[in-house]
């Protein structure tokens, strides 16, 4: 497939998953704030930090707004200039889908276009003003509808593989970021005994990863920080876990490599395989002793490196010199 | 349940429902209602059904149609300056425009004849130039045309076809005669709306549709694909056909994407292609792959920065060399602009006579060429009664409608004509025909034009339908979407309603007295066999 289109496919589901994840996080966090008596400085600001938006928010809105829940939610939901707001992610997704409309399925397009009309032509904003939780649920619901349309109506071949690759990479990334929220909310040195406040937060983190019910289905141990972290990082059966997402990403990269005739030797596949191995053999106890924050940061960084390697392998424009070596039969008279 | 058929013998009466009180404009041909207020017998089958629809029902269906177009993203983007594009639905009027079978049969033959002649004209202008030597078309007009591209002289496109896709703009005058208003043989657009409008009409008016059974338009993309594929010599594997778009910011991107989907082709941007060893390649995840046909939706000037505009980022460096080497088909050909130049248009009837030795089947609008002193003086002296157009203009921009212009506008335009006479032509304002068009609470007559599409590969095919554009503003003669125009579905009625249509009438053969440099006329003859 055309390299540019492959890149758009890769970003399409990344953007949808980002909007989905952000919507879930904002809904859950807004609810959690009501239960947990956190100091104001640690209520909303951690959201900006884990989403990588703290510097630009402070610069544009001012520090006083960082403790103002309405301002933070407004920013992360509607701001058109920030990279991660829900509306910005959905705009990018919709624009991407429009650009590769010939590649996405009709059902995907209809679903996404309906979501876009809902969001931008008044109905979404009205719902947000009336009942925020319902708004975020609706975003999540519509993103799932889109992902379902993708799974069940796209041809399961190369464009689909790039879409799912992007989705899984984004999931690993988002799960690591959300897990990191705990660190920023409580601060690096608050490794005290498990309190009720902390329990509420761990539940919130599970919910923000859509992992609350899955956790209790798979684990009988009492709720604790390490148990939640272990689940979100390493549970192979949970679709949002870092390990599961990376394994899926590896599988899709393998399939793409096969289609592209590159075999198992592509740099991006080597990188993801190493990544999966490292996560599988992660010693959680050690990670916790050293501070889980370091581990999570490294996961986010390595996901970014992987995306860069994928770009290099498949999306970067190839030079004309590459023609002679990579295409059989080119030397014959044109 | 299908309502009982109207008996042929019942004389048509004045509409009494949705169209009650509809009054055609005096001195203008209305396509549905005669001057005496009765439904025209030739279109009664459809108009009487429409008339029976209750007002509220019509309104409801109108909303349904609008929602469907929006939901499916059938939009065009309007960009101004730096701001983000605003997406709009191309305004769509639900009352269909009807063309009867005999009218269509005449049009179809005339269109084929015209495209045949235009293709021969281009061959000649970029070959022996007999039309110039024999004085059929004035040399100075050709050489001054912005579309004339001497650099493609001697390049013979594959299959001898230069106009794979044409859109000819037609109007009907006060007597109801179809006249050619202008030719579009560069990158005519709008066909996606023909197909989308039809899909909407089937949804909202299934009953009327079933009754009228207009001829189908859905096979256009496949016909086009077959035509383009047919121009690739001895293809062993299916040829790779791509559609080249300027990108998602182009206002016609919807159409480019639509055609890619329906033709099953890849949609590419300039950056996706490169030229190596005089062949065109597309960058894929599996490495470069050769391209056989490019249906390009970008203008000549942007095609190849090595050849045309150096600043073009839309094009592909080296593309013209690949084209000249005969390694890639470009649809449409390069340099076609000279054939649809409005200053060359007045000579097309003579061009038809010259190449085909037959009389033109379609009439056209009498045109004054401002490049000629005596005609210019006549135009300037009577400016308020003329429509003046830029010779290479499109979209209804840069145009003067004398009878509706202010004194100041007339003066400004007169200066422009004096400054650059070659750039303008003038025509008497034609009273464009009208069709019933819904205006909020009732049907009113609004002026329309018509763009049928002609596809040429090894043979020539005319889409039985086309884009009807309608000037929605009262009193307006300008149908362009950028100027408050909308569109209508065009229903070409089958010769014998109820019987599936068989295309079969033989058109005129490719009888041009050839100009092939290679002495192999067979390879260039686009046979008209449908």
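Residue numbers (this note's numbering), protein chains in the order written: chain A, 1 to 334; chain B, 1001 to 1530. Heads up, the beta-carbon is just placed ideally off N, CA and C, and yes, glycines get one too.
Proximity to residue 1192 of chain B across B/1492, B/1488, B/1493, B/1278 peaks at B/1488, based on C-alpha coordinates.
C-alpha of residue 249 of chain A to C-alpha of residue 165 of chain A: approximately 5 Å in a straight line.
Note that the C-beta distance between residue 1470 of chain B and residue 1441 of chain B is not below 8 Å. Distances from the CA of residue 1287 of chain B to each of B/1273, B/1295, B/1213 were compared; the closest alpha carbon is that of B/1273. Sequence-distant partners of residue 1492 of chain B (beyond 5 residues in either direction) whose C-beta falls short of 7 Å from its own C-beta, in its chain, are 1099, 1104, 1214, 1215, 1464, 1465. The Cβ atoms of residue 84 of chain A and residue 44 of chain A lie no closer than 8 Å to each other. Not a single CB atom of chain B sits nearer than 8 Å to the CB of residue 11 of chain A.
Between the stretch 1469 to 1486 of chain B and the stretch 1442 to 1460 of chain B, the count of C-beta pairs closer than 8 Å reaches three or more; the two stretches touch. Per the coordinates, the alpha-carbon of residue 1221 of chain B lies some 14 Å from the alpha-carbon of residue 1188 of chain B.
A Cβ-Cβ distance of about 6 Å is found for the pair residue 240 of chain A and residue 171 of chain A, placing them in contact under the 8 Å criterion. Around the beta-carbon of residue 1300 of chain B, 16 or more other beta-carbon atoms lie within 10 Å, marking it buried. Looking at the DSSP output, residue 1167 of chain B bridges to B/1184, B/1453. Contact note: residue 1272 of chain B reaches chain A through 2, 3, 4, 5, 317, using a C-beta cutoff of 9 Å and chain order.
Between residue 105 of chain A and residue 168 of chain A a beta carbon distance of about 19 Å is seen, past the 8 Å cut, so the two are scored as non-contacting. Collapsing the DSSP output to three states places residue 1205 of chain B in coil. Assignment of residue 1295 of chain B by DSSP, reduced to helix, strand and coil, places it in the strand class.
When DSSP states are grouped into helix, strand and coil, residue 1175 of chain B belongs to the coil group. Flagged as an interface residue toward chain B: residue 113 of chain A, by a C-beta distance shorter than 8 Å.
Shown in chain order are the members of the stretch 1041 to 1073 of chain B whose Cβ falls below 8 Å from a Cβ of chain A: 1070, 1071, 1072, 1073.
Secondary structure remark: continuous alpha helix (DSSP H) runs of at least 4 residues inside the stretch 45 to 97 of chain A, in chain order: 45 to 50, 54 to 61, 69 to 78. Rounded to the nearest angstrom, the Cβ distance from residue 1179 of chain B to residue 1173 of chain B is 6 Å, consistent with a contact under 8 Å.
Contact of residue 16 of chain A with chain B is not assigned, every C-beta pair being separated by 8 Å or more.
Using a Cβ distance threshold of 8 Å, residue 1476 of chain B and residue 101 of chain A do not count as a contacting pair. Sequence-distant partners of residue 1321 of chain B (beyond 5 residues in either direction) whose C-beta falls short of 7 Å from its own C-beta, in its chain, are 1275, 1278.
Here DSSP, grouped into helix, strand and coil, assigns residue 1368 of chain B to strand. Leaving aside the five residues that flank residue 1342 of chain B on each side, the residues in its chain whose CB is nearer than 7 Å to its CB run, in chain order, 1182, 1389, 1391, 1425.
Under the three-pair Cβ rule at 8 Å, the stretch 1368 to 1381 of chain B counts as touching the stretch 1411 to 1425 of chain B. The way I'd put it, the stretch 1355 to 1364 of chain B does touch the stretch 1113 to 1121 of chain B; three or more beta-carbon pairs between them come closer than 8 Å. The stretch 133 to 147 of chain A and the stretch 41 to 60 of chain A do not touch, with fewer than three beta-carbon pairs separated by less than 8 Å. For residue 1224 of chain B, no chain A residue has a Cβ inside 8 Å of its Cβ, as the nearest lies near 15 Å away. In the structure shown, the three-state DSSP call for residue 1444 of chain B is strand. Nearest to residue 1092 of chain B by C-alpha distance, out of B/1129, B/1198, B/1153, is B/1198.
Within chain B, the residues 1257, 1260, 1261, 1267 have their CB atoms less than 7 Å from the CB of residue 102 of chain A, given in chain order. Shown here for residue 1281 of chain B: same chain residues with a beta carbon closer than 8 Å to its own, the five before and five after excluded, namely 1273, 1274, 1275, 1288, 1289, 1290, 1291 in chain order. Residue 1123 of chain B: member of the alpha helix (DSSP H) spanning 1101 to 1125, first to last residue. Note on geometry: alpha-carbon atoms of residue 1284 of chain B and residue 118 of chain A lie some 35 Å from one another.
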